[in-house]
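Chemist: Structure in structure tokens, see below.
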Amino acid sequence: MNMSDFKPEHFNWRAHEGVAVITLKGAERKNPITFESYAELGQTFRRLSAARDIKTVTIGSNAGNFCSGGDVHDIIGPLLDRDMKGLLEFTRMTGELVKAMRACPQPIIGAIDGVCVGAGAMIALFCDIRFATAQTKTAFLFTRVGLAGCDMGACALLPRVIGHGRASELLYTGRIMTAEEGERWGFFNRIVDREKLEAEAVALAQQLARGPTFAHAMTKNMLHQEFAMSLDTAIEAEALAQAVCMQTKDFRRAYEAFVTKQKPQFAGN
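To convert, note that position 55 of the sequence shown is 48 in our numbering; the numbers rise steadily by one, no gaps.
Printed below as a string of structure tokens:
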């Protein structure tokens, strides 16, 4: 299946040379997420599992902001009128988005500028690599609207990324994590100039897209699977995974390029 010409309804999409770039709509409201964009994003990341032409994904910012979280009028207000069954349908749909992000084999790079809060912070958290600007402000502000910090997998993944104590502080207080804190704590891989943010993220995405993409998919899969493994089990799982990769043509291409002192041309198989 090819997705280069994919035209989503509820978010922006463009694709070039194996790299897809996603941004949310609604710049005047700092790009909130809605019922519709939650669902369509989740479906899109599931579709990416079968996309042969998309090798990496960048989730970028729009007009100086990443995402302001769930739209107050489109989501929070209507939720007040739902019964428990309806509320659970919604919370499971939000979880489906980040589960789909984990499940898609393409590495996901977040280019995160300005406001990155609530569900937007969770989308950022579930990116595989995250770039920020000095202006980036990230907050898991669920407690500020009377909810628990355990939203969309936050209590599972955030402590693994920045540590239990730091995650606890952010999830209990809902306070802003600055870009400098985020980089120092390991949430952000690097801080770049605002004007260069998307270009640097796309450049890395292009670099990965030119690499052994079957092997990248295996790396992503093992990074997530090994959360729940003992060390001995993980070592055995990686032995099996690496043996599979050694059967690919990309492995042979790399060897033959080394022998002839050329740069390998990977094809993802």
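Backbone N, C-alpha and C define an ideal beta-carbon position, used for all residues, glycine too.
Suppose the cutoff is 6 Å on Cβ atoms and the five residues either side in sequence are ignored; what does the same chain contact list for K23 look like?
Modeler: Numbered from 1 along the sequence shown, position 30 holds the residue referred to as residue 23. Around K23: N58, S61, V108.
Chemist: What residue range is occupied by the uninterrupted beta strand (DSSP E) comprising C109?
Modeler: As a first step, residue 109 must be located in the sequence shown, where it is residue number 116. Counting along the chain, the beta strand (DSSP E) containing C109 begins and ends at 108 to 110.
Chemist: For R123 versus G175, is the C-beta spacing smaller than 9 Å?
Modeler: In the sequence shown, counting from the first residue as 1, residue 123 sits at position 130. In the sequence shown, counting from the first residue as 1, residue 175 sits at position 182. In this structure, R123 places its C-beta atom within 9 Å of the C-beta atom of G175.
Chemist: Please classify N(-5) as buried or exposed, where buried requires at least 16 other C-beta atoms within 10 Å of its C-beta.
Modeler: Sequence index remark: in the sequence shown, residue -5 carries index 2 (1-based). Result: exposed.
Chemist: Give me, in chain order, the residues of the same chain whose beta-carbon lies closer than 6 Å to that of P205; leave out the 5 immediate sequence neighbours on both sides.
Modeler: Along the sequence shown, read from residue 1 onward, the residue named residue 205 stands at position 212. Within the same chain, P205 has close Cβ partners D243, F259.
Chemist: In the DSSP assignment, what residue or residues form a beta bridge with G63?
Modeler: As a first step, residue 63 is located in the sequence shown; it is residue number 70 there, counting from the start. Per DSSP, the beta-bridge partners of G63 are I26.
Chemist: Ignoring anything shorter than 3 residues, give me the beta strand (DSSP E) runs that lie fully in the region 53 to 136, in order along the chain.
Modeler: 101 to 105, 108 to 110, 122 to 125, 130 to 132
Chemist: Give the straight-line distance between the Cα atoms of T126 and V50, rounded to the nearest whole angstrom.
Modeler: To locate residue 126, count along the sequence shown from 1; it is residue 133. To locate residue 50, count along the sequence shown from 1; it is residue 57. So the alpha carbons of these two residues sit roughly 19 Å apart.
Chemist: According to DSSP, simplified to helix, strand and coil, what is H157?
Modeler: For the purposes of this step, residue 157 is taken as residue 164 along the sequence shown, with counting starting at 1. H157 falls in the helix class under three-state DSSP.
Chemist: Please name the residue, chosen from G63, A232, K256, that lies closest to T87 on a Cα-to-Cα basis.
Modeler: Start at 1 with the first residue of the sequence shown, and residue 87 comes out as number 94. For the residues G63, A232, K256, the minimum Cα distance to T87 belongs to G63.
Chemist: Use the C-beta contact count for Q99: other C-beta atoms within 10 angstroms, 16 or more gives buried, fewer gives exposed.
Modeler: Reading the sequence shown from its first residue, position 106 is the one you call residue 99. Q99 should be labelled buried.
Chemist: Could you give the distance in angstroms between the alpha-carbon of A96 and the alpha-carbon of K256?
Modeler: Here residue 96 corresponds to residue number 103 of the sequence shown, with the count starting at 1. Here residue 256 corresponds to residue number 263 of the sequence shown, with the count starting at 1. Spanning the two alpha carbons is a distance of roughly 30 Å.
Chemist: What does a CB cutoff of less than 6 Å around E219 pick up in its chain, not counting 5 residues either side in sequence?
Modeler: The residue labelled residue 219 in the question sits at position 226 within the sequence shown. Around E219: A227.
Chemist: Please classify M170: does DSSP put it in a helix, a strand, or coil?
Modeler: Against the sequence shown, residue 170 aligns to sequence position 177. If DSSP states are grouped into helix, strand and coil, M170 belongs with the strands.
Chemist: CB-CB under 7 Å to F28, same chain, minus the five flanking residues each way: which ones, in chain order?
Modeler: Counting from one through the sequence shown, the residue named residue 28 turns up at place 35. Here the set comprises D67, I68.
Chemist: Determine whether the beta carbon atoms of A147 and M115 lie at a separation below 9 Å.
Modeler: Residue mapping note: residue 147 aligns to position 154 of the sequence shown, counting from 1. Residue mapping note: residue 115 aligns to position 122 of the sequence shown, counting from 1. Yes; because the gap between Cβ atoms is below 9 Å, this pair is in contact.
Chemist: From the DSSP output, in three-state form, read off T49 for me.
Modeler: Position 56 of the sequence shown, counted from the first residue, corresponds to residue 49. T49 falls in the strand class under three-state DSSP.
Chemist: Determine the burial state of G156: buried for a count of at least 16 other Cβ atoms within 10 Å of its Cβ, exposed for fewer.
Modeler: Taking the first residue of the sequence shown as position 1, residue 156 is located at position 163. Classification of G156: exposed, given that the 10 Å Cβ count is below 16.
Chemist: Who are the Cβ neighbours of A112 in its own chain at under 6 Å, not counting the five residues just before and after it?
Modeler: By 1-based counting over the sequence shown, the position of residue 112 is 119. Result list for A112: I26, G62, G63, in chain order.
Chemist: Need the endpoints of the alpha helix (DSSP H) that V185 sits in, please.
Modeler: Here residue 185 corresponds to residue number 192 of the sequence shown, with the count starting at 1. It is not in any alpha helix (DSSP H) - V185 carries neither H nor E in the DSSP assignment.
Chemist: Helix, strand or coil for T16 per DSSP?
Modeler: Here residue 16 refers to the residue found at position 23 when the sequence shown is read from its first residue. DSSP places T16 in strand when its eight states are reduced to three.
Chemist: Where does the unbroken alpha helix (DSSP H) through F244 begin, and where does it stop?
Modeler: Here residue 244 refers to the residue found at position 251 when the sequence shown is read from its first residue. Segment 242 to 252, the alpha helix (DSSP H) holding F244.
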